[in-house]
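*Asks:* Note that the UniProt record's numbering numbers the sequence shown so that position 324 is 324, with each residue one more than the last.
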Amino acid sequence: MISSCSAAFLPFNSRRVYVLPRFLGAGRGNCCWAKNGSRHILERASEQVRSGASGYSNHPAGDKGLRKSSGGILWRNTSKDKKGEDESYLPLGIDLGTTYTCLGIYKNEWVDIIPNEEGSRKTPSWIAFRDTERVIGDAARDQAPMNATNTVYDLKRILGRRFSDPSLQGYTYLWPFRVSPGPREQPIITVRYHGEERHFAAEEISAMLLAKLKEIAESFLQHPVTECVVTVPANFTLSQRQATANAGLSAGLNVLRVVNEPTAAALAYFLHKESVTREYKYEERKVLIYDLGGGTLSVAVIFFNEGVLEVRAMDGDSHLGGVDFDRRLVSHFANEFKKKHNIDITKNLRALRKLEIACERVKRSLSMSARTTIDIDALCDGIDFYCAITRVEFEDLNNDLFERCLVPVHKCLKQANLTPHSVTDIVLVGGSTRIPRVQQLLQELFGGKELSKNVNADEAVAFGAAIYAAILRNTESSLRDILPLEVAANSIGIETCGGLMTAVVEKGCPIPTKKQVEFTTYPNYQTTVLLNMYEGEEPRAADNSLIAVYELMNLPPAPPDGLKVVVIVEIDCSEHVQVHAELPTGQSLECLVRSPTTPLYPPSMAHL
């Protein structure tokens with residue numbers, strides 16, 4: 001609570017929105033980015049450039065690459081410098097998935113998806129530790145049955161969370177590797193590596209995966225790769241986004257921006273449609289992106305109009321994806337094996353891993369066939385296992401999960417003030433959207449409207465991330481009139497009297513943005529107050545995610561009715577949050593961070 005001992009802040013008046021400066025410097029250019037009649041888009045576009053158009057590094061163009069013409073049109077300077085023409089400076093687009101990771105790079109007006117050493121266009125997000133080596137990708141997943149306790153996966157469900165997070169606790173008993181609390185409740189993964197017990201943060205292991213992907217890309221492209229755009233689920237918290245960026249930095253990659261997966265998918269869809277129908281970019285479209293991947297569900301409503309992609313609503317479920325459907329199958333077949341042979345294979349890590357691999361194949365088979373079988377040689381104690389299952393049985397096993405699949409859709413439609421009938425395009429992204437029941441539910445909700453499968457469900461996010469990276473680097477004239485505009489993924493607020501959450505920036509607010517709220521101190525005569533800042537939608541502050549604790553210092557003597565304090569929150573395009581406070585007179589107050597915005601990293605990552 002905003003307090004010093006028993007002190008507290010009380011809301012004084014309603015929130016006020018402050019529009020950021022509009023820029024612009026003089027410059028010459030020849031490309032239209034956004035036309036008249038959309039003033040807020042111009043303001044947000046200008047701030048994207050002011051904030052560097054790159055959340056984790058300084059954008060080389062600054063605001064020298066843009067100008068406003070006398071007609072009120074926003075232009076980008078498309079003249080290329082030597083660096084822009086050199087492929088070695090092209091950034092990667094990385095879809096860092098729960099189960100698979102995919103790489104793309106934009107060149108020659110299209111995206112190349114980069115294959116790994118095995119020739120596959122996606123790499124399992126698995127890392128295995130052995131006595132003599134560390135293996136990543138397909139090799140790590142293939143050896144998992146023999147080395148279960150030292151094979152790490154599902155990192156996306158650990159990254160940026162505290163160990164006490166209830167959602168994390170719900171998974172720890174499912175993983176064969178050990179996760180325990182570290183400094184400041186950071187989850188620490190314990191494995192045996194090079195003959196000794198080693199402890200790693202999820203960020204460190206994610207960095208190992210990203211470093212391997214960097215190596216794959218450099219081998220394919222035959223030149224160094226130093227920059228990237230990384231995607232995350234729509235409802236990832238600030239802590240999870242920062243942890244993702246930290247992993248990239250530790251892997252030797254300059255993370256230009258952490259981008260929402262639906263936004264990246266929308267860019268892929270837009271580019272595909274525009275390549276088929278050149279007039280598509282000039283049509284107004286209301287597009288729903290539905291991204292159901294291996295571990296998360298992300299949904300967004302995005303308006304397309306004359307090259308501007310404006311996110312109007314975002315929501316998701318970080319605990320719903322293909323692996324959750326797989327686990328229902330694992331539980332089902334484990335029970336069937338126990339009925340037949342009176343053996344509980346859940347106690348046998350090697351047998352359980354063999355069953356998990358087989359269940360993923362069963363799920364995929366049921367997307368194409370109404371009936372399939374599972375057939376595993378020597379599953380446990382030398383006993384072969386054979387069992388049949390139908391698609392109807394699979395749907396019954398996952399009925400509650402399928403019901404959850406539509407919850408973020410309804411939230412997005414409500415947030416965007418749309419009806420299902422008013423949505424013009426429904427775009428399916430993510431491998432789990434191939435499940436027939438998921439498609440059936442969406443078609444029923446949208447009145448039988450055709451579902452778009454024009455983009456590759458497995459590659460669309462990486463495809464769009466590569467486009468986004470090229471837009472940030474301004475290397476391709478073909479992308480000159482595409483402008484993606486984002487919204488805040490979650491509400492940002494302050495704990496006030498009674499432990500309530502008072503939102504300063506609400507979920508769905510267009511970003512970049514700058515907002516303020518005025519409070520009054522209670523009781524009087526305090527010289528310092530603590531400002532607890534949270535992220536989330538729960539009315540009780542403690543039920544949300546703590547971002548940081550700020551201490552306001554050296555407050556002047558308060559009048560009898562309390563001291564009024566203005567708290568100002570700024571969010572840039574990458575959802576970086578800056579907080580400062582001042583008196584109503586404009587006098588700044590000293591503001592110290594008493595708690596970091598992300599969990600404390602181990603010494604090996606302290607430089608981040």
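Just so it is clear, CB atoms sit at the ideal spot from N, CA and C, and this is done for glycine as well. Bear in mind that the values here come from a model prediction, so they are computed numbers and not experimental data.
1. Considering only residues of the same chain and omitting the five flanking positions on each side of Arg157, which have a CB-CB separation below 8 angstroms?
2. For Ser125, count neighbouring C-beta atoms within 10 Å of its own C-beta (all shown protein chains included) and say buried if the count is 16 or more, exposed if not.
3. Please confirm whether Val569 and Val487 have their CB atoms less than 8 angstroms apart.
4. I need the straight-line Cα distance from Asp95 to Thr513, nearest angstrom please.
5. If contacts are defined as beta-carbon pairs under 8 angstroms, then Ala217 and Gly464 qualify, I think. What distance do you get, rounded to the angstrom?
6. So what does Leu379 bridge to, in DSSP terms?
7. Can you grab the Cα-Cα spacing for the pair Asp425 / Ala388, in whole Å?
8. Out of curiosity, what's the CA-to-CA distance linking Phe337 and Thr244?
9. For Pro484, which residues from the same chain have a beta carbon less than 6 angstroms from its beta carbon, with the 5 sequence-adjacent residues on both sides left out?
10. Is His421 buried or exposed, if buried means 16 or more other CB atoms sit within 10 Å of its CB?
11. In whole angstroms, what is the alpha-carbon distance linking Glu283 and His223?
12. Alpha carbon to alpha carbon, how far is Met368 from Pro436?
13. Measuring CA to CA, which of Ile511, Ala148, Thr521 is closest to Pro560?
14. Classify Lys347: buried if its beta carbon has 16 or more other beta carbons within 10 angstroms, exposed otherwise.
15. Hey, how far is the Cα of Tyr601 from the Cα of Val255?
16. Per DSSP, which one or two residues make a beta bridge with Val151?
17. I need the DSSP call for Met533, collapsed to helix, strand or coil.
18. Considering Val438, what are the terminal residues of the alpha helix (DSSP H) in which it resides?
19. From what residue to what residue does the alpha helix (DSSP H) around Cys359 run?
20. Any idea what DSSP makes of Glu284, helix, strand or coil?
21. Suppose you measure from the CA of Lys214 to the CA of Gly498; what does that come to, to the nearest Å?
22. Indicate whether Ala541 and Glu495 have their beta-carbon atoms separated by less than 8 angstroms.
23. Let's see if you can read the secondary structure: which residues bound the beta strand (DSSP E) around Cys412?
24. Does the region 298 to 313 touch the region 362 to 379, meaning 3 or more C-beta pairs lie closer than 8 angstroms?
25. Under three-state DSSP, which class holds Gly170?
26. So what does Asn254 bridge to, in DSSP terms?
27. So, under 8 angstroms CB-CB, Met533 and Ile511 are touching, yes? Tell me the CB distance rounded to an integer number of Å.
*Replies:* Answer, in terms of the structure:
1. Thr98, Ser167, Leu168, Tyr171, Gly295, Ser318, His319
2. buried
3. no
4. 26 angstroms
5. Actually they are not in contact, since the Cβ atoms of Ala217 and Gly464 sit about 17 angstroms apart, beyond 8 angstroms.
6. Looking at the DSSP assignment, Leu379 forms no beta bridge with any residue, so it has no partner.
7. 37 angstroms
8. 40 angstroms
9. Thr263, Leu309
10. exposed
11. 39 angstroms
12. 8 angstroms
13. Thr521
14. exposed
15. Confidence at Tyr601 is low in this model, with a pLDDT of 37, below 50, so the placement of that residue is unreliable and no value is reported for it.
16. Rather than Val, the amino acid found at residue 151 in this sequence is Thr. Thr151 pairs with Ala128.
17. strand
18. 436 to 445
19. 349 to 366
20. coil
21. 49 angstroms
22. yes
23. Unbroken run through Cys412 is the alpha helix (DSSP H), 407 to 415; no beta strand (DSSP E).
24. no
25. helix
26. Glu227
27. Actually they do not touch by this definition, with Cβ atoms about 16 angstroms apart.
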